[in-house]
Amino acid sequence: MDAPLLMVWVVRLLFLALLYFFLARVVRSLLTDLRAAARQPGASLGRLIVVDSPSGDPEAGRSFDLDAITTLGRDVNNAIVVEDPFASAEHAVLTYRGRGWYVEDLGSTNGTFVNGRAIASVAPLGFGDEVSIGQVRLRLERARSA
Amino acid sequence: MTGASRPAAPRPVELPRILGDIHPRPRWTETRLLLVVAVALVVGSISLGAGLTGRLAPYEPTLLVIYLVTLAGAHVANVLAGRRSDEVLLPVVGLLGGISLLLMQRLPQDLVTIDVAGSTLGLGAVQLIWLVLAIIVATTLGIVVRSDSWLRQYKYTWAAAGIALLLLTFVFGTDVAGQRLSLRIGPFAGQPSELLKVILVVFLAGYLSENRSLLIEQDTRIGPIRLPPLPYLAPMVAMWAIALLIVVVQRDLGAALLFFAVFLALVYAATGRISLVVIGAILFFAGSALMANIFPHVRDRIDIWLDPFADPLGSGYQVVQSLLAFARGGLIGVGLGEGLPTVGGRPPIPEVHTDFPLAALGEELGLVGVIAILGLFFVVIERGLRIGAAAADDFRAILATGLALVVGVQAFIIAAGNLKVLPLTGVTLPFVSYGGSSLLVNAIVVGLLLALSDRGVEPPPPPSGVRRWRDRLRPRRAR
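Set out below in structure tokens:
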């Protein structure tokens with residue numbers, strides 16, 4: 027095989043090799059990204075952001091990482107204590123079952139609202155939905171990942 | 013010292029107000045990947061030059077230089093904008109676009125010509141113009157879009173616009189090769205179905221995120237099948253009807269397949285219920301089977317797919333030539349610029365620049381090259397799904413998933429068509445095929461993905477349709 031033809035083949039193979047080099051670099055950066063996301067502490071199932079809280083406790087803007095069962099109410103034993111005069115001691119519970127979040131009213135005096143609508147007992151809750159407990163409004167969001 | 017004698021503090025240089033505060037933020041991953049892209053494309057251009065002219069020099073380097081400068085400009089703009097957006101998408105799409113440029117330079121230049129100011133631009137130059145515009149569009153959207161409320165709040169408006177676009181094409185569209193695909197408004201001609209796919213994803217993201225919880229609830233039971241509440245199935249049935257309508261009126265099998273596949277994928281992503289997908293797929297196949305029996309053009313496509321060699325010089329010509337091209341390519345290909353023997357001065361595959369770029373690349377880069385190109389599309393899909401998984405709420409998650417899938421599924425449909433895995437349909441290979449509407453719409457997709465990937469975007473607005481205060485009873489003080 028003469029030299030020019032050899033060079034042509036070297037260039038051709040180099041082009042293919044560079045395509046794969048690029049892919050390898052991309053995959054490496056993707057893996058770094060995925061590992062960082064997996065390492066993220068508190069890779070929780072979601073979080074609740076306080077949108078509006080007239081009494082100031084919890085203060086608006088605060089974010090709660092959620093466990094699979096998270097209770098809300100005025101009692102200090104709740105996972106999220108809602109210090110609001112219109113909230114019951116044991117007001118509502120958020121549960122993560124299989125595919126999504128559900129909110130259940132625990133027989134509160136003033137009821138629990140999802141996007142402004144009172145729920146009967148249990149209601150499914152999507153990310154971006156708002157839950158009202160007393161005068162406190164909270165929004166369910168995805169967990170913040172890397 | 014009194015205030016009067018104090019020297020005036022040096023005034024900071026005032027930048028134009030429109031740019032706002034500039035906080036440049038280095039994007040080293042993007043820089044490194046773009047350098048690899050540049051080196052790869054230069055080597056590809058040299059390889060192309062060796063194939064076409066016999067000399068080891070880049071083939072018509074001006075076009076490639078303009079393209080690389082545009083990519084560099086996009087990168088600088090991203091750095092200056094300082095958003096924490098994705099750093100992998102631009103290099104991946106840039107490499108696909110660069111391969112497209114090399115391919116279009118290599119094909120006969122008179123496949124597409126535009127006369128501008130006395131000079132005639134050939135296929136390569138025209139494609140370069142579209143590529144540059146596409147990169148500008150993607151980068152601008154990625155930098156400028158900071159809120160998604162304009163997509164989120166007007167989903168029914170978008171859906172109406174999409175249907176209007178579809179109807180316009182039905183009525184005023186021009187037929188190209190038996191398919192009513194292109195719409196001509198004044199001097200501009202475009203393929204509305206390309207834009208329609210983005211509108212579809214926006215609408216579905218809005219609709220599914222709003223009604224997700226209702227679709228998950230299993231209310232209606234028909235025998236062993238559990239369905240969501242029936243009224244919420246109406247848009248799905250409408251979607252099915254629209255897909256079939258596209259097949260009948262537009263004769264566009266590819267768009268119908270693309271829309272329905274993305275629709276089912278998004279329903280699954282939003283609800284996690286495989287039963288809905290199975291029902292949808294059964295409906296689609298039943299509809300397709302019916303179509304194949306009623307409409308000859310559908311039947312023809314399927315006959316060609318099942319046995320292109322029945323009429324290798326007639327209806328099966330494109331597919332047969334495509335398969336032969338892949339076969340000639342073999343494992344590592346014949347080299348850029350060396351493949352595609354011409355028949356009477358034309359490449360053997362009709363419409364190679366729009367429908368069969370993968371076959372041309374398969375011949376010249378071989379199996380190894382095709383797998384690398386498919387790998388690039390997988391990276392685009394991965395990025396989209398990852399952006400979706402990290403999104404703050406359902407709308408953004410479904411939107412990002414859908415945008416990535418619409419590109420990935422389209423690439424799969426046309427690649428499978430070229431390889432006779434699926435019936436051949438006239439969709440483009442995203443970022444690679446020649447065509448302005450295809451490139452620009454896919455650029456919009458990439459731009460939106462870039463914007464969505466930034467975690468600094470403004471928080472999602474409160475759920476729409478909230479009648480928070482009216483519905484609420486006067487609260488009583490709790491015990």
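Each protein sequence line maps, in turn, to chains A and B. Counting along the first sequence from 1, when you hit position 39 you're at 65 in our numbering, and nothing is skipped either side. Counting along the second sequence from 1, when you hit position 188 you're at 200 in our numbering, and nothing is skipped either side. Even glycine gets a Cβ: it sits at the ideal position worked out from N, Cα and C. This structure is a prediction, so every number in the text was calculated from the model and none was measured.
Test: residue i CB closer than 8 Å to a CB of chain B
i, result
"LEU74/A", "no"
"SER79/A", "no"
"PHE47/A", "yes"
"VAL37/A", "yes"
"ARG61/A", "no"
"LEU40/A", "yes"
"LEU44/A", "yes"
"PRO84/A", "no"
"TYR98/A", "For the sequence presented, residue 98/A should be read as Leu rather than Tyr. With 8 Å as the cut-off, LEU98/A does not count as an interface residue toward chain B."
"LEU120/A", "no"
"ARG123/A", "no"
"PHE153/A", "yes"
Min CB distance residue i to chain A below 8 Å
i, result
"GLU72/B", "no"
"LEU276/B", "no"
"THR366/B", "no"
"THR41/B", "yes"
"PHE338/B", "no"
"SER59/B", "yes"
"ARG96/B", "no"
"LEU68/B", "yes"
"ASP312/B", "no"
"LEU179/B", "no"
"ARG44/B", "yes"
"LEU377/B", "yes"
Cβ neighbours of residue i in the same chain (closer than 6 Å, five flanking residues each side left out)
i, result
"ALA129/B", "none"
"PHE272/B", "ALA255, PHE296"
"VAL124/B", "LEU135, VAL138"
"ALA150/B", "ALA455, VAL458, GLY459"
"PRO359/B", "LEU352"
Residue closest to residue i, alpha-carbon to alpha-carbon, out of the options
i, options, result
"VAL37/A", "THR41/B, ARG67/B, LEU45/B", "ARG67/B"
"ALA115/A", "GLY160/A, VAL52/A, LEU57/A", "GLY160/A"
"ALA217/B", "LEU352/B, ALA412/B, VAL100/B", "ALA412/B"
"GLU72/B", "GLY459/B, ILE426/B, PHE389/B, GLY349/B", "GLY349/B"
"THR283/B", "ALA146/B, ARG224/B, PHE321/B, LEU64/B", "ARG224/B"
"VAL498/B", "LEU386/B, GLY94/B, GLY299/B", "Any question about residue 498/B goes unanswered here, given that chain B covers just 13 to 491."
"VAL548/B", "VAL102/A, TYR46/A, ILE145/A", "This structure leaves residue 548/B out entirely; chain B is present only between 13 and 491."
"ILE314/B", "PRO435/B, ALA455/B, LEU163/B", "PRO435/B"
"ARG398/B", "ALA172/B, LEU45/B, SER334/B, GLU99/B", "GLU99/B"
"THR121/A", "THR97/A, PHE112/A, ASP155/A", "THR97/A"
"ARG164/B", "LEU212/B, TYR280/B, THR181/B, GLY61/B", "LEU212/B"
"GLU222/B", "GLN333/B, PHE424/B, ALA172/B, TYR168/B", "TYR168/B"
"HIS87/B", "PRO70/B, THR152/B, ALA69/B, LEU53/B", "THR152/B"
"LEU441/B", "VAL453/B, GLY448/B, ALA427/B", "ALA427/B"
"ASP122/B", "SER287/B, LEU257/B, HIS365/B", "HIS365/B"
"VAL382/B", "ASP405/B, ASP367/B, GLY414/B, ILE344/B", "ILE344/B"
Proximal residues to residue i (C-beta, below 8 Å), its chain only, five neighbours per side dropped
i, result
"LEU143/B", "TYR79, THR82, GLY109, SER112, LEU113, LEU451"
"GLY154/A", "ARG165, LEU166, GLU167"
"LEU74/A", "SER89, PHE90, LEU92, THR96, ILE106, LEU120, VAL157, LEU164, ARG165, LEU166, GLU167"
"PHE215/B", "LYS167, TYR168, TRP170, ALA171, GLY174"
Cutoff 8 Å: residue i Cβ touching any chain D Cβ
i, result
"SER55/A", "Here the protein chains are A and B, and chain D is not one of them."
Proximal residues to residue i (C-beta, below 7 Å), its chain only, five neighbours per side dropped
i, result
"ARG479/B", "Low confidence applies to ARG479/B: its pLDDT is 43, below 50, so where it sits in the model is not reliable enough to give any reading."
"GLY420/B", "PHE389, VAL392, ILE393"
"ALA403/B", "ALA409, ALA412, LEU464"
"ALA137/A", "The question names Ala, but residue 137/A is Gly in the sequence shown. The answer, listed in chain order, is ASP131, ALA144."
"ALA416/B", "VAL392, ILE393, ARG395, GLY396, LEU397, LEU461"
"ALA94/A", "LEU71, THR121, TYR122"
"LEU133/B", "THR125, ILE126"
"HIS35/B", "GLY94"
"ASP83/A", "GLU109"
"TYR446/B", "MET116, VAL124, LEU135, GLN139, HIS365, THR366"
(message) For the segment 57–67 of chain B against the segment 114–129 of chain B, do three or more pairs of beta-carbon atoms, one drawn from each stretch, fall closer than 8 Å, so that the two count as touching?
(response) yes
(request) Could you tell me whether the segment 85–93 of chain A touches the segment 47–65 of chain A, using the rule of 3 or more Cβ pairs below 8 Å? (result) no
(message) Extract the residue ranges of the beta strand (DSSP E) inside the segment 230–314 of chain B, only unbroken runs of 3 or more that lie entirely within it.
(response) 232–234, 237–239
(request) Pair every Cβ in the segment 387–396 of chain B with every Cβ in the segment 202–220 of chain B, then say whether three or more of these pairs are closer than 8 Å. (result) no
(message) Runs of 4 residues minimum, wholly inside the segment 314–348 of chain B: which ones carry the alpha helix (DSSP H) assignment?
(response) 329–341
(message) Runs of 3 residues minimum, wholly inside the segment 39–123 of chain A: which ones carry the beta strand (DSSP E) assignment?
(response) 73–78, 89–91, 95–99, 118–123
(message) Could you check whether the segment 87–96 of chain B touches the segment 318–331 of chain B, counting it as contact only if at least three pairs of C-beta atoms, one from each stretch, sit closer than 8 Å?
(response) no
(request) Kindly provide the ranges of any alpha helix (DSSP H) runs that are 4 or more residues long and lie completely inside the segment 25–97 of chain B, ordered along the chain. (result) 40–65, 73–93
(request) Jot down the residue ranges of each uninterrupted beta strand (DSSP E) in the segment 368–394 of chain B, minimum 3 residues, whole runs only, in chain order. (result) none
(message) Ignoring anything shorter than 4 residues, give me the alpha helix (DSSP H) runs that lie fully in the segment 143–183 of chain B, in order along the chain.
(response) 161–164
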